[in-house]
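Peer 1: Here it is, the structure, as structure tokens.
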Amino acid sequence: MADIIKLLPDHVANQIAAGEVVQRPASVVKELLENAIDAGATAIKLIIKDGGKSLIQVVDNGVGMSATDARLSFERHATSKIKSAEDLFNLNTKGFRGEALASIAAIARVDLQTKTADEEIGTVIEIEGSEIKSQEVVVTPQGTSLAVKHLFFNIPARRNFLKSDSVELRHITDEFHRVALAHPSIAFNYYNNGSELFNLPQSNFRQRIVNIFGKKSNEKLVPVEEETQVVKVSGFICKSEFAKKSRGEQYFFVNNRFIKSHYLHYAVLAAFEGLIKPGMHPGYFLNLEVDPSSIDINIHPTKTEIKFDDEQTLYAILRSTIKHSLGQFNVAPTLDFEHDNNLQTPYGYKDKNAVLPKVTVDSTFNPFAEETKVTSSSSPKSATSSFSSYKKPSTESWESLYVETPSREDKSSGFGNLSFESEVSTKSIFDDSDDDLDTAAITFQLKRKYIVTTIKSGMVVIDQGRAHQRVLYEKFLKTVTLNEGLSQQLLFPIQLSFSLSEIDILNEIKDNLTTMGFVFGEISESVVEINGIPPMVAEAEVGSIFDELMADCQQNVGADGFSQADVLSKALCKSLAVKTGDVLDKLSQAALVNDLFACTESMVSPFNKPIYVTITENDIDKKFI
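Going by our numbering, the first residue of the sequence shown is number 1, and it counts up by one from there.
Dropping the structure here:
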């Protein structure tokens with residue numbers, strides 16, 4: 001048998017490695033920024049064009065590279081960060097794999113300019129698809145400038161999988177925030193298509209947070225500080241009243257490296273237990289300094305996952321530290337019996353004894369007697385004599401007390417008054433003007449979650465929440481398509497606070513929200529004024545609706561109008577639809593059933609989940625065999 005195993009060429013191996021290292025333009029930004037930090041830069045400039053598809057350039061004033069190092073840096077597994085396997089457990093740098101530049105050069109056109117402080121001239125290298133096109137000398141300042149052009153130019157399939165420019169830019173901005181927050185002592189400049197997005201000077205950690213997320217974020221922050229033999233915790237948490245349904249402002253940094261840890265996240269949630277509503281997430285910016293030998297970073301090429309030697313101890317320390325800060329800065333509610341004026345005894349009554357209240361009882365009162373009008377001229381005797389006609393009800397046998405005597409109308413049908421929902425209906429999702437709906441079909445609510453109605457072949461069990469989502473979803477899409485949105489003006493405008501990134505999202509979806517019925521006033525860097533809302537939206541729910549809207553749009557809003565309208569319609573229908581536990585009256589049940597089967601697609605919800613199941617007469621008969 002002939003030999004079939006062959007060694008892959010270098011350019012093919014580099015493209016395979018690039019699939020792990022470079023997932024999207026944001027991955028390139030992360031690698032280049034971390035290389036600039038490892039080079040000792042004090043000022044870094046990031047330049048983006050077309051969401052990183054056309055250009056990603058990072059310019060730093062670090063130590064630079066010699067001509068030999070510049071050429072060798074694009075080889076696989078070439079690095080200056082480590083020399084042996086033992087160095088993996090004593091890392092003080094961002095990178096250590098030596099794969100990033102080789103992977104980037106395999107799928108893009110790369111221009112590198114670099115110069116060290118000792119040399120008078122620098123080096124410029126042009127690479128295209130792992131192939132070095134030229135290497136020359138050039139006059140350039142100290143540091144390194146690396147430009148990545150036409151990402152995935154030689155892999156069209158990967159390029160087609162990229163999202164719109166706005167979505168890719170948002171991912172790049174998220175990576176920029178993570179790196180900039182971890183290193184407040186470094187100045188950063190961020191440009192997109194020629195306009196400056198961020199200009200972050202050298203500062204402390206709190207100032208860096210304010211410079212990125214806006215001036216309003218300063219009042220949200222609560223300091224956290226604790227040092228133990230295991231870990232040193234520092235940073236800030238956001239006050240409980242600023243908790244959101246989205247997980248936007250949540251950052252863990254371990255040894256100045258951004259990480260993702262669900263385990264530590266639950267430690268923060270445990271500290272906020274009882275202070276925030278279920279389903280809400282607090283914001284935090286926490287730095288953890290641990291011994292490098294106690295963690296393992298070499299798990300994934302993105303280096304955002306870390307294994308700790310003793311996670312349980314970290315969990316307990318982090319939880320207790322946050323609880324201590326919440327109590328120290330009076331964020332947690334307290335009950336002080338000495339200073340609460342509502343619980344203090346007035347000075348004039350402090351020496352008086354308590355007196356028992358006097359209660360008077362009318363011994364002649366009879367609740368079963370017939371009511372008689374007592375005039376002002378009537379005597380007390382005549383008033384009491386009205387109760388003399390009361391007769392004690394007959395109780396010939398105790399069994400008769402538990403037997404209902406049917407009226408003449410009910411003698412023919414024993415189940416005529418059968419009710420499936422004992423509670424009084426408290427919610428109606430449709431207006432009272434729908435009296436002309438066909439209510440001939442029998443409907444009832446089951447477990448405050450399902451609506452059961454009859455059909456010719458049996459019955460249908462409908463999930464009320466998913467059914468209402470489908471109805472609202474198609475109404476919103478029709479409103480956006482036909483531009484027929486209605487709005488009700490507010491007497492007092494609503495002001496909502498958002499971060500800078502959320503303001504950018506809102507500006508993108510503002511036109512579609514206006515079409516749906518929202519009327520916007522002034523939009524500043526951190527505050528949005530709302531002057532009108534759609535008729536079906538309650539004023540008290542506007543804040544929570546926009547929180548969910550931002551969470552859903554964070555990753556999904558595209559450039560074309562239809563995808564935006566689809567995402568917004570799904571987000572709004574999820575927020576406004578009836579929930580499990582809501583009681584619907586008979587009219588609302590019938591209206592929901594009729595509107596559901598009038599929809600274009602009535603079988604599945606906007607989130608591709610089944611809305612109803614059909615139970616035929618044969619299915620019921622089989623249960624009695």
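Heads up, the beta-carbon is just placed ideally off N, CA and C, and yes, glycines get one too. Here the structure is a predicted model, which is why all the values come from computation and not from measurement.
Roughly how many angstroms separate the alpha carbons of glycine 558 and lysine 239, rounded to a whole number?
Peer 2: Note on glycine 558: pLDDT 45, under 50, position unreliable in the model; the coordinate value appears next. Computed Cα separation, rounded: 32 Å.
Peer 1: What residue from Gly122, Val59, Pro156 has the CA that sits closest to arginine 71's CA?
Peer 2: The candidate whose alpha carbon is nearest that of arginine 71 is Gly122.
Peer 1: DSSP beta-bridge partners for lysine 307?
Peer 2: Answer is Asp296.
Peer 1: Could you pull the start and end residues of the alpha helix (DSSP H) that alanine 577 belongs to?
Peer 2: Careful: alanine 577 lies outside any alpha helix (DSSP H) and carries neither H nor E.
Peer 1: Isoleucine 48 to leucine 169, Cα distance in whole Å?
Peer 2: The alpha-carbon atoms of isoleucine 48 and leucine 169 are separated by roughly 8 Å.
Peer 1: So, with DSSP's three-state summary, where would you put asparagine 35?
Peer 2: In this structure, asparagine 35 counts as helix in the three-state DSSP scheme.
Peer 1: Please classify histidine 77: does DSSP put it in a helix, a strand, or coil?
Peer 2: In this structure, histidine 77 counts as coil in the three-state DSSP scheme.
Peer 1: Any idea what DSSP makes of histidine 324, helix, strand or coil?
Peer 2: In the structure shown, histidine 324 sits in a helix (DSSP, three-state: H, G or I).
Peer 1: For isoleucine 545, name the three-state secondary structure that DSSP assigns.
Peer 2: If DSSP states are grouped into helix, strand and coil, isoleucine 545 belongs with the helices.
Peer 1: List the whole-angstrom C-beta distance separating alanine 577 from glutamine 495, where the pair is believed to meet the contact cut-off of C-beta under 8 Å.
Peer 2: Between glutamine 495 and alanine 577 the Cβ distance is about 26 Å, and since that is not below 8 Å, they are no contact.
Peer 1: If you draw a straight line from the alpha carbon of serine 588 to that of phenylalanine 368, how long is it in whole angstroms?
Peer 2: Straight-line Cα distance between these residues: approximately 39 Å.
Peer 1: Identify which residue in Glu508, Ser501, Ala571 has its Cα closest to the Cα of glutamate 525.
Peer 2: Closest by alpha carbon: Ser501.
Peer 1: What residue range is occupied by the uninterrupted alpha helix (DSSP H) comprising serine 588?
Peer 2: Note, serine 588: alpha helix (DSSP H), 586 to 597.
Peer 1: Just confirm the distance between the C-beta atoms of isoleucine 615 and serine 602, as a whole number of angstroms; I'd bet it's less than 8 Å.
Peer 2: 17 Å between Cβ atoms; not a contact.
Peer 1: Distance check for asparagine 204 and lysine 53, CA to CA, integer angstroms please.
Peer 2: Cα to Cα, the separation comes out at about 33 Å.
Peer 1: Looking at the strands, I want to know which residues DSSP matches up with valine 480.
Peer 2: Valine 480 is not bridged to any residue.
Peer 1: Just checking, does the stretch 243 to 255 make contact with the stretch 309 to 321 on the three C-beta pairs under 8 Å criterion?
Peer 2: As far as the Cβ criterion goes, the stretch 243 to 255 does not touch the stretch 309 to 321, which means the pair count is below three.
Peer 1: If the criterion is Cβ atoms closer than 9 Å, does the pair leucine 146 and leucine 200 meet it?
Peer 2: Going by C-beta atoms, leucine 146 is not nearer than 9 Å to leucine 200.
Peer 1: Between the alpha carbons of histidine 183 and aspartate 547, how many angstroms are there, rounded?
Peer 2: So the two alpha carbons sit approximately 29 Å from each other.
Peer 1: Between arginine 208 and lysine 447, what straight-line distance do the alpha-carbon atoms span, to the nearest angstrom?
Peer 2: Going from the Cα of arginine 208 to the Cα of lysine 447 covers about 51 Å.
Peer 1: Leaving out the 5 sequence neighbours to the left and right, which residues in its chain are closer than 6 Å to isoleucine 140 when beta-carbon positions are compared?
Peer 2: Inspection of the sequence shows that residue 140 is occupied by threonine rather than by isoleucine. Here the set comprises Gln113, Lys115, Gly122.
Peer 1: Distance, Cα to Cα, glutamate 305 vs phenylalanine 624?
Peer 2: The alpha-carbon atoms of glutamate 305 and phenylalanine 624 are separated by roughly 56 Å.
Peer 1: If you run the structure through DSSP and keep just helix, strand and coil, what is valine 634?
Peer 2: Since the first and last residues shown for the chain are 1 and 625, residue 634 lies out of range.
Peer 1: Alpha carbon to alpha carbon, how far is glycine 248 from asparagine 483?
Peer 2: The alpha-carbon atoms of glycine 248 and asparagine 483 are separated by roughly 32 Å.
Peer 1: Taking its Cβ as the centre, do 16 or more other Cβ atoms sit within 10 Å of phenylalanine 597, making it buried, or is it exposed?
Peer 2: Result: exposed.
Peer 1: Looking at the structure shown, is proline 223 part of a helix, part of a strand, or coil, going by DSSP?
Peer 2: It is a strand residue.
Peer 1: Which residues in the same chain have their Cβ closer than 7 Å to the Cβ of phenylalanine 285, if we skip the five residues on either side of it in sequence?
Peer 2: Cβ neighbours of phenylalanine 285 beyond the five flanking positions: Leu181, Ile209, Gly235, Phe236, Tyr251.
Peer 1: What did DSSP end up calling phenylalanine 626 once you bin it into helix, strand or coil?
Peer 2: No statement about residue 626 is possible, as the shown extent of the chain runs from 1 to 625 and does not include it.
Peer 1: At the level of alpha carbons, what is the spacing between phenylalanine 329 and phenylalanine 272?
Peer 2: So the two alpha carbons sit approximately 14 Å from each other.
Peer 1: Quick test of the definition: if touching needs 3 or more C-beta pairs under 8 Å, does the stretch 125 to 138 touch the stretch 23 to 42?
Peer 2: Result no; under three Cβ-Cβ pairs closer than 8 Å.
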